[in-house]
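Peer 1: Encoded as structure tokens, here's the structure I'll be asking about.
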Amino acid sequence: MSQCLTLSAVASSLVMIITAGCNRVEKKPEPPPPMSVMFVTPTTEEVTEFEEFTGRTAATEVVELRSRVSGYLNSVHFEDGVQVKKGDVLFKIDDRPFVAEEQRASAAAAQIEARIKRLTSQLRRAEELMAKKALSENEFETAQFDLDEARAALQEAQAAYSMAQLNLEFTTITAPLDGRIGRRMVDVGNIVTTDQTALATIIPLEQVYVYFDIDERTVLRLRRLENIGAIVSAMKEAVQVNIALADSEEFAVNGKVDFLDNQIDPATGTLRARATVDNSDGLLAPGLFVRIKFPVGKAEPSLLIPEEAMASDQGRPFVFVVGKDGDKTIAEARNVETGPLVGQRRVIRAGLQAGDQVIVTGLQRLRRKMEINPRLSSPES
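With my numbering applied, the sequence shown covers 26 to 406.
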């Protein structure tokens, strides 16, 4: 009997609980407030469009010093890495063998000169005897030929003497130009060989070259602009470029393009270009990595927005702008065509109007059609 009462009580309780649950009104969660964002309007400024390339600095000249005679290296007359002037003595080769050769060549020439004097005197006497018919014609011609041979031998001896003098001069190796010399590659006591042994290199640093490669799309764009007269060819007039070094974001170094190659490299699809940069302050050295801003048109009015407003979807750039969906203010995605970066702002070629309100904050949390609470960004914010 007691078990029946207990089951009845439990059943009554369950009915009451179920009835109470059915009568309870379920409250809906309140929607989150619109996301607060800041926006700006694009600014319009005169901008010269450019393309950015990477490159390397190089010396305008590289002179590799080699000996023009073979011999024993007697002395070195510079410190590694110093600035040298044209004509400075850098190396000396043992000149004793060359002094001896010069003396020998000089003596050989003097000997032939003495022979010429003797043969000249003999020919004069032969002419006198020939006039008296006291000398045969054959003997007279022999005297003439001997003198001619001696004169030719003198020319040969004088050439040998000149070469001996040159070789003696070549034992002193001087700087062929002003510049900075590298480390010596041969120490005193070694034998150097004519035109084979590299002794050191000298490079001038008053100016440096910057070599960079222009992609073929940009090359074609430049050619079309040249054809319509929008820009002047770099081959007709030096084009000013701006250069940034590895330790700086600013393109503070100026240069002028003075060379464009005459063909596209089929392996890379690029055209080699070169700019000349003044380096009178000695800041630059060959081999530095640089970035180059190359102008691709004249200054024209352009729309600019902060770079922080840019977003990307599968490589396609877009921005969020303030839009309307009925009574709601929403974030609207707008695909854009971008141009170069000018400081911290990006040129927008297409996709925006001057009065558009471009969102610059909260991009990571922002979604298309999301309701927002926009506020105009101020310099302080």
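Just so you know, even glycine gets a beta-carbon here, dropped at the ideal spot from N, CA and C. All values reported here derive from a predicted model rather than from experimental measurement.
Taking contact to mean at least 3 C-beta pairs separated by less than 8 Å, is the region 205 to 216 in contact with the region 95 to 110?
Peer 2: A contact exists between the region 205 to 216 and the region 95 to 110.
Peer 1: Hey, out of R299, L377, V367 and R392, whose CA is closest to F75's CA?
Peer 2: It is V367.
Peer 1: Residues in the same chain with beta-carbon distance under 7 Å from L98, minus the five sequence neighbours each way, listed in chain order, please.
Peer 2: F116, I118, V211, V213, G214, N215 and V217, listed in sequence order.
Peer 1: Suppose the cutoff is 8 Å on Cβ atoms and the five residues either side in sequence are ignored; what does the same chain contact list for L160 look like?
Peer 2: Once the five neighbours on either side are set aside, the close Cβ partners of L160 are A151 and L154.
Peer 1: Where in the region 52 to 137 do unbroken runs of the beta strand (DSSP E), each at least 3 residues long, occur, reported from the N-terminal end onward?
Peer 2: With a minimum length of 3 residues, the continuous beta strand (DSSP E) runs that stay inside the region 52 to 137 are 60 to 65, 68 to 72, 75 to 84, 88 to 91, 96 to 101 and 114 to 118.
Peer 1: Can you tell which of R393, G80 and V109 has its C-alpha closest to the C-alpha of D338?
Peer 2: Comparing Cα-Cα distances from D338 to each of R393, G80 and V109, the minimum goes to R393.
Peer 1: Tell me which same chain residues have a C-beta within less than 7 Å of the C-beta of E333, skipping the five on either side of it?
Peer 2: Excluding sequence neighbours, E333 sits near V385.
Peer 1: Measuring CB to CB, does L285 end up less than 8 Å from V315?
Peer 2: Taking 8 Å as the Cβ cut-off, L285 and V315 do not qualify as a contacting pair.
Peer 1: Considering D171, what are the terminal residues of the beta strand (DSSP E) in which it resides?
Peer 2: Here D171 belongs to no beta strand (DSSP E); instead the alpha helix (DSSP H) covers E162 to F195.
Peer 1: Identify, in the order they occur along the chain, each residue of the same chain with its Cβ nearer than 7 Å to the Cβ of Q369, setting aside the five sequence neighbours on each side.
Peer 2: Contacts found: P331 and E332.
Peer 1: Would DSSP call I289 helix, strand or coil?
Peer 2: Coil.
Peer 1: Name, in chain order, the residues that DSSP records as bridge partners for R359.
Peer 2: Beta-bridge pairing links R359 to V344.
Peer 1: Quick check: R91 and L224, are their CB atoms within less than 8 Å of each other?
Peer 2: Their beta carbons are under 8 Å apart, which means R91 touches L224 by this criterion.
Peer 1: What residues in its chain sit with their C-beta under 8 Å from that of G312, if we drop five residues either side in the sequence?
Peer 2: Hits under 8 Å: R81, T82 and A83.
Peer 1: Going by beta-carbon coordinates alone, are A200 and G112 separated by less than 8 Å?
Peer 2: Going by C-beta atoms, A200 is nearer than 8 Å to G112.
Peer 1: Please tell me whether V361 and F345 are closer than 8 Å, where the distance is taken between their beta carbons.
Peer 2: Contact: no.
Peer 1: Quickly, what does DSSP pair F237 with across the bridge? List them, please.
Peer 2: F237 is bridged to G80 and A298.
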